[in-house]
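Residue numbers (this note's numbering), protein chains in the order written: chain A, 135 to 439; chain B, 2 to 382. We treat Cβ as the ideally placed atom computed from N, Cα and C, and that holds for glycine. No experiment lies behind these values; they were computed from the predicted model shown. Taking it in order: structure first as structure tokens, then the write-up.
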Amino acid sequence: MTAALLFEQFLNGLQFGLMLFLMSAGLTLVFGVMGLINLAHGSLFMIGAFFCAAAAGLTGNFWLGLAAGMAAAAAAGALIEVTVMRRLYTRDHLDQVLATFALILILSEGTKILFGPFPLYLDVPPLLTGTVNLGLTPYPLYRLALIVAGLGVALGLWLLIGRTRLGIRIRAGENDREMIAALGVNIRALYTFVFALGAALAGLAGALVGAVQSVQVGMGEPVLILAFVVIVIGGIGSIRGAMVGALLVGVIDTMGRFLLPQVFALFLDPSKASGAGAALASMLVYLLMALILVIRPKGLFPVHA
Amino acid sequence: MMFRKNALACASALALTAGVAQADPVTVGLITTLSGGGAGLGVDVRDAFELALQMNGSDAIRLVVEDDGQRPEAAVQIADRMIQSEGAQILTGIIWSNLAMAVVPAVTAQDVIYVSPNAGPSALAGAGCTPNYFNAAYQNDTMHEAAGQYANTLGYQNAFIMAPNYPAGVDALTGFKRYFQGTLAGEVYTQLGQTDFAAEIAQIRASGADSIFIFEPGGMGISFMRQYAQSGVDLPIISAAFTFSQDVLPAVGDAALGVINTAEWSPDMDNDANVAFVAAFQEAYGRLPSVYAAQSFDTANLILSALAAADISDLDAFRAAMRAADFDSVRGSFRFGNNQHPIQNYYAREVVSVDGVLTNRIVGTAFEDHQDVYAADCAME
Numbered sequence: 135m136t137a138a139l140l141f142e143q144f145l146n147g148l149q150f151g152l153m154l155f156l157m158s159a160g161l162t163l164v165f166g167v168m169g170l171i172n173l174a175h176g177s178l179f180m181i182g183a184f185f186c187a188a189a190a191g192l193t194g195n196f197w198l199g200l201a202a203g204m205a206a207a208a209a210a211g212a213l214i215e216v217t218v219m220r221r222l223y224t225r226d227h228l229d230q231v232l233a234t235f236a237l238i239l240i241l242s243e244g245t246k247i248l249f250g251p252f253p254l255y256l257d258v259p260p261l262l263t264g265t266v267n268l269g270l271t272p273y274p275l276y277r278l279a280l281i282v283a284g285l286g287v288a289l290g291l292w293l294l295i296g297r298t299r300l301g302i303r304i305r306a307g308e309n310d311r312e313m314i315a316a317l318g319v320n321i322r323a324l325y326t327f328v329f330a331l332g333a334a335l336a337g338l339a340g341a342l343v344g345a346v347q348s349v350q351v352g353m354g355e356p357v358l359i360l361a362f363v364v365i366v367i368g369g370i371g372s373i374r375g376a377m378v379g380a381l382l383v384g385v386i387d388t389m390g391r392f393l394l395p396q397v398f399a400l401f402l403d404p405s406k407a408s409g410a411g412a413a414l415a416s417m418l419v420y421l422l423m424a425l426i427l428v429i430r431p432k433g434l435f436p437v438h439a
Numbered sequence: 002m003m004f005r006k007n008a009l010a011c012a013s014a015l016a017l018t019a020g021v022a023q024a025d026p027v028t029v030g031l032i033t034t035l036s037g038g039g040a041g042l043g044v045d046v047r048d049a050f051e052l053a054l055q056m057n058g059s060d061a062i063r064l065v066v067e068d069d070g071q072r073p074e075a076a077v078q079i080a081d082r083m084i085q086s087e088g089a090q091i092l093t094g095i096i097w098s099n100l101a102m103a104v105v106p107a108v109t110a111q112d113v114i115y116v117s118p119n120a121g122p123s124a125l126a127g128a129g130c131t132p133n134y135f136n137a138a139y140q141n142d143t144m145h146e147a148a149g150q151y152a153n154t155l156g157y158q159n160a161f162i163m164a165p166n167y168p169a170g171v172d173a174l175t176g177f178k179r180y181f182q183g184t185l186a187g188e189v190y191t192q193l194g195q196t197d198f199a200a201e202i203a204q205i206r207a208s209g210a211d212s213i214f215i216f217e218p219g220g221m222g223i224s225f226m227r228q229y230a231q232s233g234v235d236l237p238i239i240s241a242a243f244t245f246s247q248d249v250l251p252a253v254g255d256a257a258l259g260v261i262n263t264a265e266w267s268p269d270m271d272n273d274a275n276v277a278f279v280a281a282f283q284e285a286y287g288r289l290p291s292v293y294a295a296q297s298f299d300t301a302n303l304i305l306s307a308l309a310a311a312d313i314s315d316l317d318a319f320r321a322a323m324r325a326a327d328f329d330s331v332r333g334s335f336r337f338g339n340n341q342h343p344i345q346n347y348y349a350r351e352v353v354s355v356d357g358v359l360t361n362r363i364v365g366t367a368f369e370d371h372q373d374v375y376a377a378d379c380a381m382e
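Next up, the structure:
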């Protein structure tokens, strides 16, 4: 094992974490502001990827596809908020889980009817193909671009929430929704906007990741599960927590998959070590979550301490 | 209520049979995956089966199709329903080994015939073989054994091998290692459903391997190949057909060009049955058939041939007609071994682009008349 390999794996973990952040930011925002558990967040990720692939296929331009993916996810998010979610704010979490689980099934089958049962093709834009030499190791340019994009979105979100009037309203909505409604803020419009924003971020993640993954029905659910782990670790409702949680999960998952089989190989034969290492590695992030819940039951950055 | 419905159905069935002298059609239940991420495979199985019935023109089969959603418990329920309320005497269609393991032992114990158009778990090929179970596709290990064998032919010395960490993945690596004579530069199990392979690709880069064997079916293979193409690592890849079948090739794109993958069938096979099948499939559905479609097409024709030769009410005669496998396979030659799994050729195929469409073409033969290793443990003669 060399320093170059470790460095490359660290970058891989960072990139994976930042994509998880795009997913979990929307999830945690929606939960923090509206108190809503949205299982259909993964479906919005899928919608982003499918519309990006379809638009990129039609126009031959990845960037148009990216815009289409984000727009479609945001539009789907707004539509879902207005038609379904609005009725769920006052219901308990179990009702929300049930309703949004139904949405997963509806959106998955809807996507299959619209785009067919076979995975779609979406390629990395020509501008970002190939590798760059980072001194220690060559690294795919597209993954580097994903890191930059993830950091850029994180910065944008921080500015939006911390430095704008809209951000003040979002934070106020988290703390006391009755009071800001009484102060004359259009809380309905605010909720629709926040939900659409979260959906757009999920759509962006889906479109970006779709270029290096399989664009297929059900692609959102594995990411959704990890996104829930991230927001539980980070503290539900906290954007900062989502960032730290996502980076932790991304780096620990990647490093675990890489290092654990090698650790097991010290005392097992290679085939068994690989199997055992892989099995333990797939549990690692959940062990991390359990550990953090024991030490800090409300996550690393609790919102309503 | 239920009684009245049944009575009505009986009455109308009587009315129908009164006019027709011919025997009733046999009900065949096709349980396959038509929703979720694996739907493409099930759609190919269903479409090819229906196409075979259509091309045959026979009304010997009444086909009932249901979606298992890739869930074992759903497949079990559907199988029960098909046998009890639809009166199905033959079942088929299941794609995945874990679903087959949930369904096959239970239905064959009730003297219902099951014909597999894809899954071939080792448990059903060896000591667990049964006269009511026929596999018209392959035994799981054999596709990967063929890849191991052909890797020797290609002169690979030091392979990095990788598969998801579940029973079929373990079988894949076992099958490959059974015939590959070189050394292993690395052996990695990935997570089932994994979408990011950056960590594995980095290991491949550092491993010093001269070739890569992968078994990453469905979306996993698409993700791996896309990321591999961007990684700057340029080692030759060998695989079994699943990762480079027609259902995923368009999504993988040019990254798949030149990859060698092994299968018992290829769309370019030059026999009459196959030429007619590929043309009819394209005509009917506007796409090239996958290996799953070819296997399902053969399954349908196998069943039709047995129904033409024997009455299913005489199970012994019907099973004998099935074992004879007297039909024109799209694979050219097809026969059953003692465990009612195929003894067949396995070919090396290369991914090529024909008029802008990615497809496979045969470049060599890995095995001739190859039988799975588990057949020896099967008590049937």
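{"Asked": "Below-8 Å beta-carbon distance, A/Leu421 vs any chain B residue", "Found": "no"}
{"Asked": "B/Gln345 (DSSP reduced to helix, strand or coil)", "Found": "strand"}
{"Asked": "Residues near B/Val105 by beta carbon distance below 7 Å, same chain, minus five either side", "Found": "Tyr115, Leu125, Tyr134"}
{"Asked": "Partners in chain B for A/Asn146, counting only beta-carbon separations shorter than 9 Å", "Found": "Asp197, Ala199, Ala200, Ile202, Ala203"}
{"Asked": "4-residue-minimum alpha helix (DSSP H) runs that sit fully inside the region 311 to 398 of chain A, ordered along the chain", "Found": "311 to 316, 321 to 344, 354 to 368, 373 to 398"}
{"Asked": "Contacting residues, own chain, Cβ-Cβ under 6 Å from A/Asp387 (five flanking each side not counted)", "Found": "Val419"}
{"Asked": "Closest by C-alpha distance to A/Gly379, when choosing among A/Leu139, A/Gly182, A/Leu152, A/Val343", "Found": "A/Leu152"}
{"Asked": "Cβ pair count under 8 Å reaching 3, the region 43 to 52 of chain B against the region 272 to 292 of chain B", "Found": "yes"}
{"Asked": "Nearest-angstrom Cβ-Cβ length linking B/Tyr347 and B/Glu265, presumed shorter than 8 Å", "Found": "6 Å"}
{"Asked": "Meets three-Cβ-pair contact criterion under 8 Å: the region 212 to 223 of chain B and the region 150 to 164 of chain A", "Found": "no"}
{"Asked": "Residue-chain proximity (B/Lys6, chain A), Cβ-Cβ < 8 Å", "Found": "Any reading at B/Lys6 is ruled out, since the residue's pLDDT is 47, under 50, leaving its predicted position unreliable."}
{"Asked": "Contacts of B/Asp327 in chain A (Cβ-Cβ under 9 Å)", "Found": "The contacting residues do not exist; B/Asp327 stays about 34 Å from chain A at best."}
{"Asked": "Cβ-based contacts, 7 Å cut-off: residues of the region 244 to 260 of chain A near chain B", "Found": "Lys246, Pro251, Phe252, Pro253, Leu254, Tyr255, Asp257, Val258"}
{"Asked": "Cβ distance (whole Å) where B/Met227 is taken to contact A/Gln347 below 8 Å", "Found": "Before going further, note that residue 227 of chain B is Arg rather than Met in the sequence given. Confirmed, about 7 Å."}
{"Asked": "Segment contact flag, the region 415 to 429 of chain A with the region 171 to 179 of chain A, C-beta cutoff 8 Å, min 3 pairs", "Found": "no"}
{"Asked": "Those runs of the alpha helix (DSSP H) which lie wholly inside the region 176 to 205 of chain A and span at least 4 residues", "Found": "none"}
{"Asked": "Check whether A/Gly332 and A/Leu161 have beta carbons under 8 Å apart", "Found": "yes"}
{"Asked": "Boundaries (first-last residue) of the beta strand (DSSP E) holding B/Ile162", "Found": "159 to 165"}
{"Asked": "Cβ-based contacts, 7 Å cut-off: residues of the region 177 to 208 of chain A near chain B", "Found": "none"}
{"Asked": "Interface residues of the region 178 to 192 of chain B facing chain A [CB-CB below 9 Å]", "Found": "Lys178, Leu185, Gly187, Glu188, Val189, Tyr190, Thr191, Gln192"}
{"Asked": "Top-ranked residue by Cα proximity to A/Asp226, from A/Val328, A/Leu200, A/Asn172, A/Ala201", "Found": "A/Asn172"}
{"Asked": "Where the region 207 to 233 of chain B meets chain A: residues whose CB sits under 7 Å from a CB there", "Found": "Ala207, Gly220, Ile223, Ser224, Arg227, Gln228, Gln231, Ser232, Gly233"}
{"Asked": "Closest residue to A/Ile429 among A/Phe327, A/Thr326, A/Thr271, A/Gly369 (Cα-Cα distance)", "Found": "A/Gly369"}
{"Asked": "Closest by C-alpha distance to A/Ala279, when choosing among A/Leu291, A/Asn267, A/Leu262, A/Val328", "Found": "A/Leu262"}
{"Asked": "Whole-angstrom distance between A/His175 and A/Leu228, CA atom to CA atom", "Found": "16 Å"}
{"Asked": "For B/Leu316 and B/Tyr25, believed in contact at Cβ under 8 Å, the rounded distance", "Found": "In the sequence under discussion, the amino acid at residue 25 of chain B is Asp, which differs from the Tyr named in the question. Going by Cβ atoms, the distance from B/Asp25 to B/Leu316 rounds to 16 Å, so no, they are not a contact pair."}
{"Asked": "At least three beta-carbon pairs within less than 8 Å, the region 354 to 372 of chain A to the region 269 to 278 of chain A", "Found": "no"}
{"Asked": "Unbroken alpha helix (DSSP H) run spanning A/Leu414, endpoints", "Found": "404 to 429"}
{"Asked": "Cβ neighbour criterion (16 or more within 10 Å) applied to B/Leu15", "Found": "Confidence is the limiting factor: at B/Leu15 the pLDDT is only 45, short of 50, which leaves the residue's position unreliable, though a coordinate-based value still follows. The residue in question, B/Leu15, is exposed, as its Cβ has fewer than 16 Cβ neighbours within 10 Å."}
{"Asked": "Chain B contact for A/Gln230 (CB, 8 Å cutoff)", "Found": "no"}
{"Asked": "Sufficient close CB pairs (3 or more, under 8 Å) joining the region 345 to 360 of chain B to the region 247 to 254 of chain B", "Found": "yes"}
{"Asked": "Interface positions of the region 405 to 421 of chain A facing chain B (Cβ-Cβ less than 7 Å), listed along the chain", "Found": "Ser405, Ser408, Gly409, Ala412, Ala413, Ser416"}
{"Asked": "Alpha-carbon spacing of A/Pro395 relative to B/Met163, whole angstroms", "Found": "13 Å"}
{"Asked": "Proximal residues to B/Ile223 (C-beta, below 8 Å), its chain only, five neighbours per side dropped", "Found": "Val249, Ala252, Val253"}
{"Asked": "CB contact check: A/Met353 to chain B, cutoff 8 Å", "Found": "yes"}
{"Asked": "Which listed residue (A/Leu342, A/Ile240, A/Ala407, A/Gly409) has its alpha carbon closest to that of A/Gly284", "Found": "A/Leu342"}
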